[in-house]
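Asks:
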Amino acid sequence: MTSSQRRRLPRLGAGLATALVLVGCGGGDSEEAASSSAATSSAEESSAEEPASDLAQGLLPAEAFGPDATVTAVSPDQLELGAGVVAGQDVQVEPESCRASVESTQPDLTEFDDVAAQSASAGSVATVEMLLRGGPTDDVAALLREAAERCPQATITSPQFGEATLTFENLPVDELGDGAALARLTTAVAAPDGSQVSVPTLIGMVEDDDRLLVLVTVVVDPTAGEGAGTDPAEFAALLEQAYETQADALG
Numbered sequence: 001m002t003s004s005q006r007r008r009l010p011r012l013g014a015g016l017a018t019a020l021v022l023v024g025c026g027g028g029d030s031e032e033a034a035s036s037s038a039a040t041s042s043a044e045e046s047s048a049e050e051p052a053s054d055l056a057q058g059l060l061p062a063e064a065f066g067p068d069a070t071v072t073a074v075s076p077d078q079l080e081l082g083a084g085v086v087a088g089q090d091v092q093v094e095p096e097s098c099r100a101s102v103e104s105t106q107p108d109l110t111e112f113d114d115v116a117a118q119s120a121s122a123g124s125v126a127t128v129e130m131l132l133r134g135g136p137t138d139d140v141a142a143l144l145r146e147a148a149e150r151c152p153q154a155t156i157t158s159p160q161f162g163e164a165t166l167t168f169e170n171l172p173v174d175e176l177g178d179g180a181a182l183a184r185l186t187t188a189v190a191a192p193d194g195s196q197v198s199v200p201t202l203i204g205m206v207e208d209d210d211r212l213l214v215l216v217t218v219v220v221d222p223t224a225g226e227g228a229g230t231d232p233a234e235f236a237a238l239l240e241q242a243y244e245t246q247a248d249a250l251g
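Per the UniProt record's numbering, residue 1 is the first one in the sequence shown, and the count goes up by one each step.
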């Protein structure tokens with residue numbers, strides 16, 4: 001293993017990082033939800049004096065995620081905490097040329113001036129919607145769109161979760177034009193009993209002038225099966241609705 005392959009990965013990617021955020025922001029059983037409620041309350045108290053971002057007006061209404069979804073506001077601190085849990089570990093990527101593909105699945109939140117986000121959980125499926133403003137938005141969607149071409153499959157290794165195989169697949173999202181991208185990221189990891197667990201994730205990004213819309217759906221319960229809640233056509237429709245909602249609300 002070369003020294004370059006042992007460099008820290010600043011952004012592991014939306015699939016694993018978002019799953020960590022979602023478990024702490026509304027997913028899981030009642031005990032997890034109670035823990036989440038306390039954490040959210042603490043976060044709200046710490047930021048009570050901060051003005052609310054107008055970006056939140058551009059987020060999808062709760063009913064867009066379905067009648068059974070539990071929708072929770074997610075603070076920038078919570079998003080960074082979820083990503084930081086993974087980014088704080090030494091992550092190796094093989095081949096090294098796949099690093100750009102892995103990083104393309106989530107923008108660096110610290111580079112944006114304004115962030116608004118929410119999570120929605122329903123059964124075994126969890127979704128995060130993020131609106132970002134005041135940061136690098138040019139070609140972000142193109143990088144995600146090209147991920148599968150650059151690196152259809154990569155292996156990542158971390159002391160936290162062992163070894164995982166990432167498979168990238170580019171999916172059509174023609175209705176939103178060249179500034180949009182939709183990809184499926186499948187993460188395969190070994191369970192404690194030695195069996196393989198597959199975690200499917202759909203990632204959508206749309207550029208809109210100085211704003212970037214990011215939508216991620218993760219099957220947080222691998223026992224539900226690969227197809228649970230990850231229909232590309234339904235996700236593309238939700239991504240289009242999210243784009244139109246923020247455009248109408250924010251101009």
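Virtual Cβ for every residue (Gly too), placed ideally from N, Cα, C.
Where does residue 246 sit, in a helix, a strand or coil, going by DSSP?
Replies: For the purposes of this step, residue 246 is identified with residue 246 of the sequence shown, where counting begins at 1. Note: residue 246 maps to helix in three-state DSSP.
Asks: Alpha carbon to alpha carbon, how far is residue 91 from residue 159? Give it in angstroms, no decimals.
Replies: Taking the first residue of the sequence shown as position 1, residue 159 is located at position 159. Taking the first residue of the sequence shown as position 1, residue 91 is located at position 91. Looking at the two C-alpha atoms, the distance is approximately 8 angstroms.
Asks: Indicate the three-state DSSP secondary structure (helix, strand or coil) for residue 31 in the structure shown.
Replies: Residue numbering aside, residue 31 sits at position 31 when the sequence shown is read from its first letter. Confidence in residue 31 is poor, its pLDDT being 36 and thus under 50, which makes the residue's placement unreliable; the coordinate value appears in the next sentence. Of the three classes helix, strand and coil, the one that applies to residue 31 here is helix, per DSSP.
Asks: For residue 172 and residue 64, I'd like the C-alpha separation in whole angstroms.
Replies: The sequence position of residue 172 within the sequence shown is 172, counting from 1. The sequence position of residue 64 within the sequence shown is 64, counting from 1. The straight-line gap from Cα to Cα measures roughly 21 angstroms.
Asks: Measuring CA to CA, which of 109, 198, 205 is closest to residue 142?
Replies: Position 142 of the sequence shown holds residue 142. Selected option, being the one with the closest Cα: 205.
Asks: Should the segment 91-104 be called in touch with the segment 60-76, which here means at least 3 C-beta pairs below 8 angstroms?
Replies: No: the two stretches stay apart, fewer than three of their Cβ pairs being nearer than 8 angstroms.
Asks: Give me the Cβ distance between residue 213 and residue 131, rounded to the nearest whole Å; I'm assuming they're in contact under 8 angstroms.
Replies: Indexing the sequence shown from 1 puts residue 213 at position 213. Indexing the sequence shown from 1 puts residue 131 at position 131. Right, the Cβ-Cβ distance comes to about 6 angstroms (below 8 angstroms), so this counts as a contact.
Asks: Any idea what DSSP makes of residue 215, helix, strand or coil?
Replies: Working through the sequence shown from its first residue, we reach residue 215 at position 215. Looking at residue 215 - three-state DSSP - the assignment turns out to be strand.
Asks: Which residue from 104, 240, 119, 80 puts its Cα closest to that of residue 208?
Replies: In the sequence shown, residue 208 corresponds to position 208, counting from 1. Ranking the options by Cα distance to residue 208, first place goes to 240.
Asks: Under three-state DSSP, which class holds residue 110?
Replies: To locate residue 110, count along the sequence shown from 1; it is residue 110. The answer is helix: DSSP assigns residue 110 an H, G or I state.
Asks: Could you check the C-alpha separation between residue 113 and residue 135 for me, to the nearest Å?
Replies: Stepping through the sequence shown from its first residue, residue 113 is reached at position 113. Stepping through the sequence shown from its first residue, residue 135 is reached at position 135. Approximately 6 angstroms between the Cα atoms of the pair.
Asks: Label residue 231 either buried or exposed according to how many other C-beta atoms from any shown protein chain fall within 10 Å of its C-beta, with 16 as the threshold for buried.
Replies: As a working mapping, residue 231 is identified with position 231 in the sequence shown. That one is exposed.
Asks: With DSSP collapsed to three states, give me the class of residue 232.
Replies: Here the question's residue 232 lines up with position 232 in the sequence shown. In the structure shown, residue 232 sits in a helix (DSSP, three-state: H, G or I).
Asks: Would you check if the distance between the CB atom of residue 109 and the CB atom of residue 80 is smaller than 8 angstroms?
Replies: Stepping through the sequence shown from its first residue, residue 109 is reached at position 109. Stepping through the sequence shown from its first residue, residue 80 is reached at position 80. A contact, by the Cβ cut-off of 8 angstroms.
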